[in-house]
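Basically the working numbering = 1-based index in the sequence shown + 23. Where is the CB? At the ideal position from N, CA and C, for every residue including glycine. So the structure is just underneath, and the comments pick up after that.
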Amino acid sequence: MTTNERVIVLNLLREGKISTGDAEQLLQALTDTASGSSGSARQDWKLDDVLRRVERELKAVDVTKFTGKVEGFFDDMRKRFSEMAWDGPNGKQGSEDRNVIKGSGEFDLADGSIIHISQKGGEVRLAPAGVDRVRVAAPLCYADIEDSRDRARFEAVGGTLEVGIPRGVTKVYVEATGCQFAADDIALDALTARIVGGAMRVKGVNARLNLNLIGGSIHIDDVVGDEVDAETNGGSISADLGEVHSGAYKLVAAGGGVTVDVAAGSGFEVAYTVTGGVFESQWGTPPAGENQLRVGDGGATFEFVANGGSIALRQSESS
Numbered sequence: 024m025t026t027n028e029r030v031i032v033l034n035l036l037r038e039g040k041i042s043t044g045d046a047e048q049l050l051q052a053l054t055d056t057a058s059g060s061s062g063s064a065r066q067d068w069k070l071d072d073v074l075r076r077v078e079r080e081l082k083a084v085d086v087t088k089f090t091g092k093v094e095g096f097f098d099d100m101r102k103r104f105s106e107m108a109w110d111g112p113n114g115k116q117g118s119e120d121r122n123v124i125k126g127s128g129e130f131d132l133a134d135g136s137i138i139h140i141s142q143k144g145g146e147v148r149l150a151p152a153g154v155d156r157v158r159v160a161a162p163l164c165y166a167d168i169e170d171s172r173d174r175a176r177f178e179a180v181g182g183t184l185e186v187g188i189p190r191g192v193t194k195v196y197v198e199a200t201g202c203q204f205a206a207d208d209i210a211l212d213a214l215t216a217r218i219v220g221g222a223m224r225v226k227g228v229n230a231r232l233n234l235n236l237i238g239g240s241i242h243i244d245d246v247v248g249d250e251v252d253a254e255t256n257g258g259s260i261s262a263d264l265g266e267v268h269s270g271a272y273k274l275v276a277a278g279g280g281v282t283v284d285v286a287a288g289s290g291f292e293v294a295y296t297v298t299g300g301v302f303e304s305q306w307g308t309p310p311a312g313e314n315q316l317r318v319g320d321g322g323a324t325f326e327f328v329a330n331g332g333s334i335a336l337r338q339s340e341s342s
C-alpha cells in the first residue's frame, strides 16, 4: 500500500465519512491486496494510477462490512475515478508518443477537452492562453496529447510549469508534491487541485473549485462558481469573496484558521464548527448553543470548519 492510498483513507476518517473500524478494515483490505502484487508493478505510481488501482481493490472489498455511509462514499469516489482516469495517448501510458518541451510549446485541443497537470517541486501557474491553443512553458516538461485532442497531460519535475488555458477547455486536474500553485483569471467548468506540501492561490477564476492541500495555506480571491470546496491540513484558509448572493462555499482548515471577507450587500447563511478557537463576525454571533447565522437576502451558503484555529467573517474594507 502506498502513502497516497493511506492518505486517502486517513482523510476519509478525519472528515467523518468512515468510522475508525471502517478505516482499519479498509487499510487491512488494501494491505492484503498489495501483498500479492509484484514489486516491479509497485514502483513510481502516479496519483491517477493509484486512484484506479484503489478503485479496483474497493470493488473487491465486501462493502456490507462497512456502514451505509461508506457505501455511498465508494459510489462517489468511483465517479471521481472515472472523471480523472488517464491512460496516456491511445492507452500507451505516454511511453512512446511523448512530446518533450524545453522552454515552451503550443498544442491544439478540441472543445470540451480535459487537461491533467503533474509537478514535483517548483511551481504550477495557470493563466489564460490568449490564443486558441494550450501554451506550455517549463525548463523541462513531458506532454502527452490524445489523438482525439480531447485530453492532454503535462508532467514536470522542478522549475516553474506555466500552462496557458485556452477557451474550450472544460476541466483541469492538478496533482503536485512540494509545489506552489497559482491560478489566475481562467474560466472552466471545474478546477481540481491536490497538493502535498506547498501553497495555493486562486484569483479571478470562474469554475467549480475543489482544492485539497496538505501542509500549507490556501488563498482564494474574487472567484465565481456554483461550488467552492477548499480544505487544508496543516495550514489556514483566507478568502476574499466580494459580493455573494448564491453558491455553496465549504472551507475546512485543520491546524489553522479560516478568514473570509465579503462585500456589503451580500446575502448568505453560514454554519460553522470551530475547535481550539473562536468564531468572530462583524454581523454578530448566534445565540449560545447555536452555530448558524443568516445575513441579508440571498441563497449563498457557507460552511466553515477550523480545527486548531479561529474563524473570522468580515466585511471587505473596500466595501
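- Around the Cβ of T282, a 10 Å sphere holds 16 or more other Cβ atoms; the residue is buried.
- Taking C-beta atoms as the reference points, D249 and G227 fail to come closer than 8 Å.
- Between the alpha carbons of P309 and G300 lies a distance of about 16 Å.
- When DSSP states are grouped into helix, strand and coil, G44 belongs to the helix group.
- E340 is classed as exposed because its beta carbon has fewer than 16 other beta carbons within 10 Å across all chains shown.
- Contact check between the stretch 169-181 and the stretch 205-224: fewer than three CB pairs, one atom from each, fall below 8 Å, which does not count as touching.
- At a cut-off of 3 residues, the continuous stretches assigned as beta strand (DSSP E) that sit fully inside the stretch 135-206 are 136-143, 146-151, 157-168, 174-180, 183-188.
- The DSSP assignment places complete beta strand (DSSP E) segments of no fewer than 3 residues inside the stretch 298-338 at 302-304, 315-318, 323-330, 334-338, in order along the chain.
- Between A294 and N314, the beta carbon gap of about 6 Å places them in contact (Cβ cut-off 8 Å).
- The three-state reading of DSSP puts L50 in helix, counting H, G and I together.
- The residue from R176, S333, R148, V197 with its alpha-carbon nearest to that of F130 is R176.
- E47 and L274 have their C-alpha atoms spaced approximately 27 Å apart.
- Contiguous beta strand (DSSP E) elements confined to the stretch 246-275 occur at 250-256, 260-265, taking only those with 3 or more residues.
- Separation of E185 and C164 (C-alpha to C-alpha, rounded to the nearest whole angstrom) is 10 Å.
- When secondary structure is reduced to three states using DSSP, L211 falls in the strand class.
- Distance from the Cα of Q338 is smallest, within the candidate group K143, A133, F291, for F291.
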